[in-house]
Amino acid sequence: MTKNEKEKKYGPQTIGIHMGSEGKNSQYGPVNTPIYASSTFAYPTVKEGGLRFSGETAGFVYGRMGNPTVRDIELRLAKLDEGDDALLLASGMAAVSTMIYTILKKGDHLIADISLYGGTHALFTNILSEYGIEVDFVDATEPKLISKLIKSNTKLIYFETPTNPTLRIISIKEVVGIANKHNILTAIDSTFMSPILMQPITMGVDIVIHSVTKYLNGHSDVLAGVIISNQSIIDQCKVTSIHHGGILGPFEAYLIGRGLKTLRIRIEEHEKNGKLIAEYLSKHPKVNNLQYLGDSNHPQHELAKSQQKGFGSMMTFELHGNFEDATKFINSLEIATRAVSLGGVETLISHPASTTHSKLSENDRKKAGITDTLFRLSVGIEEADDLINDFDNAFKKLT
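Using the numbering used here, the final residue of the sequence shown is 421, and nothing's skipped along the way.
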C-alpha cells in the first residue's frame, strides 16, 4: 500500500475487504490473503536475517514473531478502529493479559471498573497481586470516584462500555479527561460494540481491546483477541507477546479476515433484529427488567447515544418466576441456542445463574446483579419473526 493510499479515508466495509498489505503482494495476485502455513521464513542473506531479527528492517523470520496472514488482518483491524497498529493474539484474554503485563510493572497501580468480563476480573483480582501490581475497583459510571483513587503510581484505568453482562455505560469522555489530567493511560474493552458502532481511540482512549472471537469474526469458529493502539504501545506489546507466546495462527487469521468482509452488514442485521426482539420482549407480560440500550427509556440511553453509532444486539432480561421457570424457558427454545459467548450470526442465550456465575454464592450473585431468572441474549441475524415465534413458544410452556 502506498503512502497516498494510507492517507485516504475509507469506510469500514471497504477496509474490511481491501485493507492490509501482505495478501496482494504475491506474484500470483490472489484476491484473498493466502494462508502462510509456515513456522519459519527464509531470509536472503545473513545480514538481512540479522536486520530482521533486530527489527531494523521489515520481514518475517519465525512464526512466533509474525506471520504474513496474521499481519494482513492486524492492519485491517488497526484501520477499522483508527489506531496506528494492532496485535492479534490467541484469545481475548491473551490480549488483555499481554496489554496488562506490558503497561504495568511491579509497584504500579491499576484502577478498574467494578463490572468486567469474568476472566478479566479474575486476572485483576487473583493474579496481579502476585506480580506486585495493586488493583482498585470502582464504579466508573461515577467518574468522581475514579479521581479519588488516583495515586502517584497509578498507570492505567481499565473499563468496558457497555459492560458485560450488565450493559452499564461509562462516559468515555469523562474517564479520558481524568486520565489525561494525571498523565495516566486508558484501556477499554469494546467487544460489545465493534468498530462499526464505536471507535474509542477517536475519543481519546489509548488502548482498545476486542475479543475477536465475537462480532469481528462473527461465526463462532475462532478464538482470538486484539490490542489496538499507537505504534509505541503496540511495539512494546509485541515484545511481550513474543516472550509469552500467545500468538494467533494463520488459519485463524484467515477466518477472521473472511469475517471482516461482512462485518458492517452483519452488525446492521444484528442491530435491526436486536431492536425488534427488544420491542417484543418489552411488551411480554412474563418479562421483567429488560436492559436494552436502544430503549429511549433506558436511563443511560442518551449517554450511549452520545458515544456510540448504534446500540448493538446485546440485552438482558428477567422472567417473572423462579429458577425452575428460567430453566424450563431456556430448555424450550429451539432456534435461540443455549451457549455462552456472543456476537455470532446465530442467536445465543445464556443463563448466568446456572452457568457462568453458578459457583458464586446467592449473595454474591445478587451483588453482581445476577438473579435466578436473568438471561443474557446475543441476538443473531436469523429471521426476526422466527426468533419471536421461538420465544413465544417457550413462554407458553410456562404456567
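All C-beta atoms in this analysis are idealised placements derived from N, C-alpha and C, irrespective of residue type, glycine included. Keep in mind that this is a model prediction, so the values were computed, not measured.
(Q) Rounded to the nearest angstrom, what separates Pro321 and Thr163 at their Cα positions? (A) 12 Å
Q: For the alpha helix (DSSP H) holding Thr262, just list the boundary residues, first then last.
A: Gln253 to His266
**Q.** Segment contact flag, the segment 112-126 with the segment 248-265, C-beta cutoff 8 Å, min 3 pairs
**A.** yes
(Q) Looking only at its chain, what residues have a beta carbon closer than 7 Å to the beta carbon of Lys173, apart from the 5 residues adjacent to it on each side? (A) His131
Q) At which residues does the alpha helix (DSSP H) containing Ala275 begin and terminate? A) Pro272 to Leu282
Q | Residue from Ala201, Arg286, Val157 and Ile136 whose Cα sits closest to the Cα of Pro217 | A | Arg286
Q) Mind checking whether Ser212 and Ile231 have CB atoms under 8 Å apart? A) yes
Q. In the structure shown, what three-state DSSP assignment does Val309 receive?
A. strand
Q) Hey, out of Phe339, Thr359, Gly42 and Lys69, whose CA is closest to Gly391's CA? A) Phe339
Q.
For Gly38 and Phe273, what's the separation of their Cα atoms in angstroms?
A. 17 Å
Q: Given a cut-off of 8 Å, decide if Ile403 and Glu291 are closer than it, judged by their beta-carbon atoms.
A: yes
Q | Given 8 Å, three or more beta-carbon pairs between the segment 364-378 and the segment 303-319 | A | no
Q. Would the beta-carbon of Ile278 fall within 8 Å of that of Val244?
A. yes
Q.
If distances are taken between C-alpha atoms only, which option among Leu325, Leu399 and Gln330 comes closest to Ala361?
A. Leu399
Q: Report yes or no: do the segment 101-108 and the segment 125-142 share at least 3 C-beta pairs separated by less than 8 Å?
A: no
(Q) Quick check on Leu420: does DSSP put it in helix, strand or coil? (A) coil
Q: Along the beta strand (DSSP E) that carries Leu111, what are the first and last residues, could you check?
A: Asp107 to Leu111
Q. How would you write the range of the alpha helix (DSSP H) that Tyr123 sits in, first residue to last?
A. Gly114 to Ile125
(Q) If the criterion is Cβ atoms closer than 8 Å, does the pair Val367 and Ile299 meet it? (A) no
Q: Pick out the complete beta strand (DSSP E) segments inside the segment 197-229, 3 residues or longer, and give them in chain order.
A: 207-211
Q. Which whole-angstrom value describes the C-beta separation of Arg86 and Ser137, a residue pair presumed to lie in contact below a C-beta threshold of 8 Å?
A. Contact flag wrong, Cβ pair sits at about 34 Å.
**Q.** CB-CB length for Ala246 against Leu270, believed under 8 Å
**A.** 5 Å
(Q) My output table needs one value for Asp130: the three-state DSSP class, helix, strand or coil. (A) coil
Q: Along the alpha helix (DSSP H) that carries Arg98, what are the first and last residues, could you check?
A: Pro90 to Leu102
Q.
Let's test the definition: count the other Cβ atoms within 10 Å of the Cβ of Glu293 and tell me whether it reaches 16, buried, or not, exposed.
A. buried
Q. What number of angstroms, rounded off, separates the C-alpha of Glu14 from the C-alpha of Phe413?
A. Because the chain in this structure spans residues 23 to 421, residue 14 falls outside the shown range and cannot be described.
Q | Ile155 - partner residues in DSSP beta bridges | A | Answer by DSSP bridge pairing: none, since Ile155 is not bridged.
**Q.** Ser151 classed as buried or exposed, judged by whether at least 16 other C-beta atoms fall within 10 angstroms
**A.** exposed
Q: Under the assumption that Glu196 contacts Pro165 (Cβ atoms under 8 Å), give the Cβ distance between them as a whole number of angstroms.
A: 4 Å
Q. According to DSSP, what are the bridge partners of Ser174?
A. Paired residues: none, contrary to the question.
**Q.** Continuous alpha helix (DSSP H) stretch holding Arg387: start and end
**A.** Glu384 to Lys389
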